[in-house]
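Quick notes on the structure that follows.
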Amino acid sequence: MLLKRLKEFADTRIKMPPVLYTETPVRYIIELDGNGSLLTPRPTDTADPANPKTKRGQRRLVPQIQRTVGVKPLLLADKADYTLGLGNENAKLDRVAACNTAYMDMVTRCAEQTNAPEVLAVLRFLHNTPAEQLDIPKDFDYGALITFRVGETFVADLPAVRAFWAAQNAPDGESSIVMQCIVCGEQRPVLPRLQGKIKGVPGGQTSGTSIISANAVAFESYGLEASLIAPTCADCGERFTKALNYLLADPSSRMFLAGSAFIYWTREDVGFDLMALFDKPDPDRVRLLFESARSGKQSTNIDDTAFYATSLSGSGARVVVRDWIDTTLGEVQANLRRWFTWQRIISPYGDEARPLGMFQLATATVRDAKDILPTTHQALLNAALRGTPLPWGLLYQAVRRNRAEQSVTQQRATLIKIVFASRLPQEEDRMTQLDMTNANPAYLCGRLLAVLEDIQRAAIPGAKATIVDRFFGTASSAPASVFGRLMRGAQPHLSKLERDNHGAYMRLQRSLESITVPLSSFPRTLTLEEQGLFSLGYYHQRAHERTEAKAASERKRAGQAEAANDTTL
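Each number in the numbering used here corresponds to the 1-based position in the sequence shown with 623 added.
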């Protein structure tokens, strides 16, 4: 189904390049006149190291097929060993000679069949010791592609050359095997090996990967080898390969996540930008997503538009399909609204937090982004697009990071909240901000630790380390072993605040009492879920205390300003 949908995308949504042509960096251009003489002895170098898009040369549409270890020339756009018979110091001379001979044979046949003046000019040049005519620079890249321009014409662009290349690589001439194509369902000559490669799949070979390939006995089925394990005609094979390359190259349709590539598309172009919601979600875009559902302004046709997505990774020369989603845009948008509802939580400073992107949530599970597991992104994507609950494993990873770092960040608090909200929808609103009615002992213990920390900070301004830096891990897993000591240690701080800062004392004392009254005893240990509630209680209380402190400071400044005005009057 994936391949069929990709072919449909190629048929309806993109302008297909010529048969067996692809856009790839071409570094060197050999400039010739109509007689095949050099216009300039040194090949034109199109590489621009300062530009990531052209650091290996300007991108051009040139002939391209899948090559293995065998000798197989690319017409009028190949490396130095094929084009000029030149190899680097490590090249095998007999291999270079074989490559150059095959290339010359290909160009000769092209000249004979097309009779194009430009091809004849190239052939004359190649027959006249080209390597000796050229001024090869010292930093010459022997692995870069070389093409030809005769006058103002790139020879590989000629329609006759393109037609010759397509005919030379047609499956009829390469194989007489006729089977039912798995994509179009028709009986056609099928490809022993797919002719194009997929570029840009993380973990795959830099030269490209294949989505259908059996290069070992273990992968073969019913005696079928290579691409014949999933028989594909040339037209379908080229189209789904180019559709994948198109989607992988377009930042608006793909995202790279922990060693895999996530791509999506819709059957019709309806202007839906999923990446804008997945990368760094803009609150205004998220608000529009909710408003379109409430107002009913969105067309039913858009809701019924087919939506497709897949996650890919590379394994050597092969593409691994990790996930496949086939649904409607209306269903995806409904799940996205639920996804952003699950994310709603107060910020560390008391206002509504901005929605987080996939990468931000994934990094909440690890110390370093390079350690993110592929399964983490997969779980997040499924929750956002399919509405599936997040696994408890992500709660464990977030809680573990809280204990390791002795803190609860907004990212980790949000991830913990999503895990609970996706599994307990009835608790969704209670987890957005401080819940004074939540009497769960784990939640209350988290709140209590935050209040005790605020008491210490208020009594000892500028303290470099607090009780949280020393006791968060123990308090969040075995509260009974540490909270008695923390409560006793807070009493001198409260006495100092009562004497020196009575307003702060009253505020913190009220918070302390509101938590300890319903908390009859401290739990001996907390389960994984309870540790998640502890983290949320701590995070909510910290945000609440900051909000209260800010409001008290603003009231104090307002009072001072009013008193100053009265004095002036």
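Glycine residues also receive a C-beta, built at the ideal position from the N, C-alpha and C atoms.
Please read all numbers here as calculations on a predicted model, not as lab measurements.
Annotated as proximal: leucine 1071 and leucine 1142, with beta-carbon spacing under 9 Å. Secondary structure at methionine 639: coil, using DSSP grouped into helix, strand and coil.
Closest in C-alpha terms to asparagine 674, from the list Pro648, Lys820 and Gly1016, comes Pro648. A distance below 6 Å between beta-carbons, with the five flanking residues on each side excluded, links phenylalanine 632 to the following residues of its chain, in chain order: Ala866 and Trp888.
In this model, alanine 1062 and glutamate 1153 are separated by some 12 Å (Cα to Cα). With respect to the 9 Å criterion, leucine 1003 and arginine 960 are not classified as neighbours on the basis of their beta carbons. DSSP places glycine 823 in the coil class of the three-state scheme, outside both helix and strand.
DSSP places leucine 935 in the strand class (E or B) of the three-state scheme.
If you check the CB distance, glutamine 983 and valine 1074 do not come in under 9 Å. When rounded, the separation of the alpha-carbon atoms in histidine 1000 and tyrosine 1161 is 26 Å. Judged by their CB atoms, glycine 819 and threonine 770 are not nearer to each other than the 9 Å cut-off. For isoleucine 886, the three-state secondary structure derived from DSSP is strand. The C-beta distance from alanine 754 to leucine 709 rounds to 5 Å, short enough to fall under 8 Å. Cβ neighbours of valine 1031 within its own chain (closer than 7 Å, five residues either side excluded): Asn1025, Ser1158, Tyr1161 and Tyr1162. In the same chain as threonine 986, and ignoring 5 residues on each side of it, the C-beta atoms closer than 8 Å to its own belong to Ala992, Ile995 and Gln1034, in chain order. Collapsing the DSSP output to three states places aspartate 892 in coil.
Residue state for tyrosine 972 is assigned as coil, using DSSP reduced to three classes.
Nearest to proline 782 by alpha-carbon distance, out of Asp1052, Ala725, Val745 and Val685, is Val685. Taking a C-beta distance under 9 Å as the contact criterion, glycine 680 and valine 745 do not qualify as a contact pair.
Under the three-state reduction of DSSP, phenylalanine 913 is assigned to helix. Here the C-alpha atom of alanine 721 lies approximately 10 Å from the C-alpha atom of proline 696.
For the alpha helix (DSSP H) assignment, the uninterrupted runs of no fewer than 4 residues enclosed by the stretch 967 to 1029 are, from N- to C-terminal side, 981 to 985, 997 to 1009 and 1015 to 1028. Under DSSP, arginine 811 forms a beta bridge with Met802.
The stretch 808 to 816 and the stretch 852 to 859 touch, with no fewer than 3 CB-CB distances between them shorter than 8 Å.
Taking 9 Å as the cut-off, the beta carbon of proline 1115 is found no closer than this to the beta carbon of alanine 1081. The C-beta distance from threonine 928 to threonine 951 rounds to 7 Å, short enough to meet the 8 Å contact threshold. For glutamine 1132, the three-state secondary structure derived from DSSP is helix. Isoleucine 835 has its alpha-carbon roughly 34 Å from the corresponding atom of aspartate 671. Every unbroken stretch of the alpha helix (DSSP H) spanning 4 or more residues and falling wholly within the stretch 1057 to 1108 is given here in chain order: 1064 to 1082 and 1090 to 1100. Excluding five sequence positions before and after leucine 716, none of the CB atoms of its chain fall closer than 6 Å to its own CB. The beta-carbon distance between leucine 1131 and isoleucine 1078, rounded to whole angstroms, is 5 Å. This is short enough to meet the 8 Å contact definition. Residue pairing for isoleucine 948: DSSP places it in a beta bridge opposite Ala932. Shown here, aspartate 873 sits in coil according to DSSP, grouped into three states, outside any helix or strand. Rounded to whole angstroms, the separation of the alpha carbons of asparagine 738 and alanine 786 is 13 Å. Taking a 10 Å sphere around the C-beta of arginine 683, we find 16 or more other C-beta atoms and assign the residue as buried. Looking at the backbone, the Cα of valine 942 and that of serine 936 are separated by about 6 Å.
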